[in-house]
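Colleague: From first to last, the protein sequence lines are chains A and B. Anchor point for the first sequence: position 246 equals 246 in the working numbering, and the numbering is continuous, going up by one each time. Anchor point for the second sequence: position 85 equals 85 in the working numbering, and the numbering is continuous, going up by one each time.
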Amino acid sequence: MKKEEGASVTIWSKALSVRPEWFWLIALILIIVPMAVPPRVPFKVNDSTLRIYEYVKKIPDGSVIVSGGLGQWAFIYETSAAFMAFLTQIKNKNVKLIIFPLSTDSLMFEPWAVSVTGFDKVKEYGKDWVVLNYVPGGADIILPAFMTNIKGLCRTDLYGTPLEQIPIFKNVNSYKDITLWVDCGANSIPSLARYVAPYKVPIIGFVHSAYYGMFQPYIAAGQVYEMTNGIRGGGEYEKLVGYTSWNLGTITMDSYQLYSIYILALVIIANVGTQMLKREEKT
Amino acid sequence: MSKVLYSVILPYAVFIVCFVPILSNYYFDVPMLRSIDAELRNWSTLIGLTAMFLGLANITIYYYRETKRRKHMEWQFGVYSIILTYAWIIYGLSQGGLTSSAYNQIYVFVKGHSEAAQIGLLTFFFVTAAFRTFRAKNIQALVLLTFAFITFIGVAPWGEQVWSGWPAFSEWILVGITMAGSRAILIAASVGLVAMVVRIVLRYEKGGLIRG
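#1: Can you pull out the residues from the segment 263-277 of chain A whose beta carbon lies closer than 8 Å to at least one beta carbon of chain B?
#2: Taking 8 Å as the threshold, find out whether the segment 77-93 of chain A comes into contact with the segment 125-145 of chain B through three or more Cβ pairs.
#3: Can you tell me whether lysine 239(A) is helix, strand or coil according to DSSP?
#4: Buried or exposed: where does phenylalanine 43(A) fall if 16 or more other Cβ atoms within 10 Å of its Cβ makes it buried?
#5: At the level of alpha carbons, what is the spacing between aspartate 157(A) and leucine 107(A)?
#6: With a threshold of 16 other CB atoms inside 10 Å of the CB of threonine 99(B), please say whether the residue is buried or exposed.
#7: Kindly indicate which three-state DSSP category isoleucine 59(B) falls into: helix, strand or coil?
#8: Listing by chain order, which chain A residues have their CB less than 8 Å from the CB of methionine 179(B)?
#9: Using the rule of at least 16 other Cβ atoms within 10 Å of the residue's Cβ for burial, across every protein chain shown, is histidine 208(A) buried or exposed?
#10: With distances taken from CA atoms, which of Pro162(A), Met227(A) and Phe146(A) is nearest valine 196(A)?
#11: For proline 20(A), decide whether its Cβ has a neighbour in chain B, counting only Cβ atoms nearer than 9 Å.
#12: Jot down the residue ranges of each uninterrupted alpha helix (DSSP H) in the segment 90-156 of chain A, minimum 4 residues, whole runs only, in chain order.
#13: Are any of the Cβ atoms in chain B nearer than 9 Å to that of aspartate 183(A)?
#14: Using 8 Å for Cβ pairs, my map puts aspartate 105(A) next to isoleucine 65(A). What's the rounded Cβ distance?
#15: For proline 21(B), is the classification buried or exposed, using 16 other Cβ atoms within 10 angstroms of its Cβ as the cut-off for buried?
#16: For serine 2(B), count the other beta carbons within 10 Å of its own beta carbon; 16 or more makes it buried, fewer makes it exposed. Which is it?
#17: Confirm, please, whether the CB-CB distance from phenylalanine 206(A) to aspartate 177(A) is below 9 Å.
#18: Hey, could you find the ends of the beta strand (DSSP E) threonine 179(A) is sitting in?
#19: Fully enclosed by the segment 197-264 of chain A, which alpha helix (DSSP H) runs are 4 residues long or longer?
#20: Any idea what DSSP makes of proline 162(A), helix, strand or coil?
#21: Glycine 71(A) and glycine 234(A) look like a contact to me (Cβ under 8 Å); what is the Cβ gap, rounded to whole Å?
#22: Can you list, in chain order, the residues of its chain whose CB lies under 8 Å from that of glycine 159(B), leaving out five sequence neighbours each side?
#23: Any idea what DSSP makes of serine 63(A), helix, strand or coil?
#24: Using a Cβ cut-off of 9 Å, which residues of the segment 27-48 of chain A contact any Cβ in chain B, in chain order?
#25: Between the beta-carbon of asparagine 229(A) and the beta-carbon of valine 155(B), is there less than 9 Å?
#26: Out of curiosity, what's the CA-to-CA distance linking arginine 19(A) and alanine 180(B)?
#27: DSSP on alanine 156(B), reduced to helix/strand/coil?
#28: Starting from the beta carbon of glycine 234(A), find every residue of chain B whose beta carbon is closer than 9 Å, and list them in chain order.
#29: Evaluate contact between the segment 255-267 of chain A and the segment 23-40 of chain A, counting only Cβ atoms and requiring at least three cross-stretch pairs below 8 Å.
#30: Measure the beta-carbon distance from phenylalanine 83(A) to valine 56(A) and round it to whole angstroms, keeping in mind my assumption that it falls under 8 Å.
#31: Taking 9 Å as the threshold (beta carbon to beta carbon), is alanine 74(A) in contact with chain B?
#32: With a cut-off of 9 Å, does the C-beta of methionine 253(A) fall near any C-beta of chain B?
#33: Can you pull the chain A residues whose beta carbon is under 7 Å from the beta carbon of phenylalanine 131(B), in chain order?
#34: Which residue wins for smallest C-alpha separation from tyrosine 80(B), given the options Asp29(B), Ile9(B), Glu66(B) and Gln95(B)?
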């Protein structure tokens with residue numbers, strides 16, 4: 001009996017002292033393999049994502065949507081799946097899109113997403129969509145000015161064309177002309193709730209999953225209409241729009257499937273191992 | 001006297017001149033206040049723009065000094081940083097700035113992907129953390145671990161295959177329980193911010209506006 005206990009101590013202590021590089025290697029394999037051979041795991045669509053999809057679907061013709069968010073490129077990747085799905089959904093609708101970046105990364109990311117989804121192929125620049133320049137000063141300064149006087153804040157678009165010469169701005173001057181505000185910047189919801197929500201412009205956020213729970217009070221308070229939950233929300237949105245050109249969310253969900261099982265297994269093994277070692281130490 | 005004027009009276013006067021119209025404009029709809037508010041915000045944008053040049057000058061001076069001293073082992077990174085910053089600026093300007101597709105490609109495929117890779121490393125740290133630190137050593141840790149995994153698995157598609165109510169349960173934790181905590185933090189932080197502003201206005205707060 002004693003010999004057996006000694007053997008179990010060796011196994012657990014050995015298991016708990018395995019070099020982390022081995023775990024990383026397994027994680028890498030579990031992430032890459034489903035990306036290379038996607039099993040397309042089925043998953044349900046959350047009510048939040050469904051509400052966003054339905055809302056965008058019902059947007060009337062001629063609506064003006066502003067896409068403005070601030071965030072780091074690294075975090076934007078998680079929200080880009082939902083943003084691309086959104087662009088895919090509005091691509092065939094008669095709506096106008098104004099990209100108003102609140103950070104330098106957004107300035108590069110949003111036109112990139114437009115190009116990746118092929119939005120720019122079916123819509124005419126200047127008439128259906130436009131990219132405004134990044135205005136330094138921070139969201140606290142820029143957003144109130146933008147809401148009250150767009151042409152006063154942004155004199156030209158990204159390419160230096162005066163806004164007066166751009167057809168989209170013929171009837172767009174302030175918050176009164178904005179139908180919907182979309183945030184693809186992962187964590188810009190607090191700024192938008194503070195400076196966009198008071199003007200009764202509905203806000204839809206494609207947020208990082210780490211912020212999804214944290215930003216819920218803004219929905220409960222009626223300041224934000226709805227949010228998608230990180231990459232899972234992106235996958236759900238892709239499913240609703242019939243998949244996008246990249247399917248970033250769906251592919252990531254396949255990897256996440258195996259990765260989450262792996263993490264759970266590691267936690268269980270580590271906890272059982274610790275308890276076993278403790279028990280052995282006591283005896 | 002001049003020290004008091006420059007370090008106390010002047011910053012405070014500038015603060016009050018900017019603070020009062022902007023705060024008043026939020027509560028009262030007076031055209032004059034609105035135009036002052038707009039003007040001050042425009043100034044702020046200019047200051048933001050100037051700060052960018054100041055930042056560039058600052059990192060140049062800092063890394064130049066670090067490189068000259070060679071006191072720390074990391075001085076090579078300073079040289080690398082300066083070369084990269086100026087190469088980026090010169091190349092961007094020569095290519096036509098943000099409108100150039102070459103510049104955009106470099107930004108997306110170098111800067112964007114480097115940032116994403118950096119954050120992606122967390123995936124592997126999380127694996128190590130799962131094995132080394134996520135231990136249910138007491139009841140509190142067990143509760144924390146349980147709730148973390150309910151939401152973690154709630155996102156994974158296999159969670160709903162095991163139990164169809166899992167995503168809804170996970171969502172309830174995020175939208176219900178987490179929201180209660182987040183709301184408390186947000187309200188407390190906002191009240192704290194108001195208190196801090198009042199302290200600054202009444203000059204109880206040392207530092208920032210009042211130096212020395």
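For each residue, glycine too, the CB sits at the ideal point set by N, CA and C.
Modeller: In this structure, then:
#1: Ile263, Leu264, Leu266, Val267, Ile269, Ala270, Asn271 and Thr274
#2: no
#3: Walking along the first sequence from the start, residue 239(A) turns up at place 239. DSSP places lysine 239(A) in helix when its eight states are reduced to three.
#4: Stepping through the first sequence from its first residue, residue 43(A) is reached at position 43. Around the Cβ of phenylalanine 43(A), a 10 Å sphere holds 16 or more other Cβ atoms; the residue is buried.
#5: The sequence position of residue 157(A) within the first sequence is 157, counting from 1. The sequence position of residue 107(A) within the first sequence is 107, counting from 1. When rounded, the distance between both Cα atoms is 11 Å.
#6: Numbered from 1 along the second sequence, position 99 holds the residue referred to as residue 99(B). That one is exposed.
#7: Numbered from 1 along the second sequence, position 59 holds the residue referred to as residue 59(B). The answer is helix: DSSP assigns isoleucine 59(B) an H, G or I state.
#8: Here residue 179(B) refers to the residue found at position 179 of the second sequence. Residues of chain A passing the Cβ test: Gly213, Gln216, Pro217 and Ala220.
#9: Taking the first residue of the first sequence as 1, we reach residue 208(A) at position 208. Label assigned to histidine 208(A): buried.
#10: Counting from one through the first sequence, the residue named residue 196(A) turns up at place 196. When C-alpha distances from valine 196(A) are compared across Pro162(A), Met227(A) and Phe146(A), the shortest belongs to Phe146(A).
#11: Position 20 of the first sequence, counted from the start, is the residue given in the question as residue 20(A). Yes, because at least one Cβ of chain B sits closer than 9 Å to the Cβ of proline 20(A).
#12: 104-116, 119-122, 139-148 and 150-153
#13: The count along the first sequence starts at 1 and reaches residue 183(A) at position 183. No, its Cβ sits nowhere closer than 9 Å to a Cβ of chain B.
#14: By 1-based counting over the first sequence, the position of residue 105(A) is 105. By 1-based counting over the first sequence, the position of residue 65(A) is 65. No, aspartate 105(A) and isoleucine 65(A) are not in contact; Cβ-Cβ is about 20 Å, not under 8 Å.
#15: Counting from 1 along the second sequence, the entry for residue 21(B) is found at position 21. It is buried - the Cβ of proline 21(B) has at least 16 other Cβ atoms within 10 Å.
#16: Residue mapping note: residue 2(B) aligns to position 2 of the second sequence, counting from 1. It counts as exposed.
#17: The count along the first sequence starts at 1 and reaches residue 177(A) at position 177. The count along the first sequence starts at 1 and reaches residue 206(A) at position 206. It is not a contact, given that the beta carbons lie outside the stated cut-off.
#18: As a first step, residue 179(A) is located in the first sequence; it is residue number 179 there, counting from the start. No beta strand (DSSP E) contains threonine 179(A), which DSSP labels as neither H nor E.
#19: 209-212, 216-220 and 230-241
#20: Taking the first sequence and counting its residues from 1, one reaches residue 162(A) at position 162. Strand.
#21: Along the first sequence, read from residue 1 onward, the residue named residue 71(A) stands at position 71. Along the first sequence, read from residue 1 onward, the residue named residue 234(A) stands at position 234. Their Cβ separation, rounded to whole angstroms, is 15 Å, which puts glycine 71(A) and glycine 234(A) out of contact at 8 Å.
#22: If you number the second sequence from 1, residue 159(B) lands on position 159. Excluding residues within five positions, the ones whose Cβ falls inside 8 Å are Ile153, Trp166, Pro167 and Ser170.
#23: To locate residue 63(A), count along the first sequence from 1; it is residue 63. Correct three-state label for serine 63(A): coil.
#24: Per Cβ criterion, the list reads Ala27, Leu28, Ile31, Val41, Pro42, Phe43, Lys44, Asn46, Asp47 and Ser48.
#25: Locating residue 229(A) in the first sequence gives position 229, where the first residue counts as 1. Locating residue 155(B) in the second sequence gives position 155, where the first residue counts as 1. Result yes, Cβ atoms of asparagine 229(A) and valine 155(B) sit closer than 9 Å.
#26: Stepping through the first sequence from its first residue, residue 19(A) is reached at position 19. Stepping through the second sequence from its first residue, residue 180(B) is reached at position 180. Between arginine 19(A) and alanine 180(B), the C-alpha separation is close to 40 Å.
#27: By one-based count along the second sequence, residue 156(B) stands at place 156. In this structure, alanine 156(B) counts as coil in the three-state DSSP scheme.
#28: Taking the first sequence and counting its residues from 1, the one referred to as residue 234(A) is at position 234. Under the 9 Å cutoff, chain B gives no residues; its nearest Cβ is about 11 Å from glycine 234(A).
#29: yes
#30: Counting from 1 along the first sequence, the entry for residue 83(A) is found at position 83. Counting from 1 along the first sequence, the entry for residue 56(A) is found at position 56. Contact flag wrong, Cβ pair sits at about 12 Å.
#31: Here residue 74(A) corresponds to residue number 74 of the first sequence, with the count starting at 1. Yes, alanine 74(A) counts as interfacial toward chain B.
#32: Residue 253(A) sits at position 253 when you count from the first residue of the first sequence. Output row for methionine 253(A): interface = yes.
#33: Here residue 131(B) corresponds to residue number 131 of the second sequence, with the count starting at 1. Neighbours of phenylalanine 131(B) on chain A, chain order: Phe23, Leu266 and Ala270.
#34: To locate residue 80(B), count along the second sequence from 1; it is residue 80. Answer by Cα proximity: Glu66(B).
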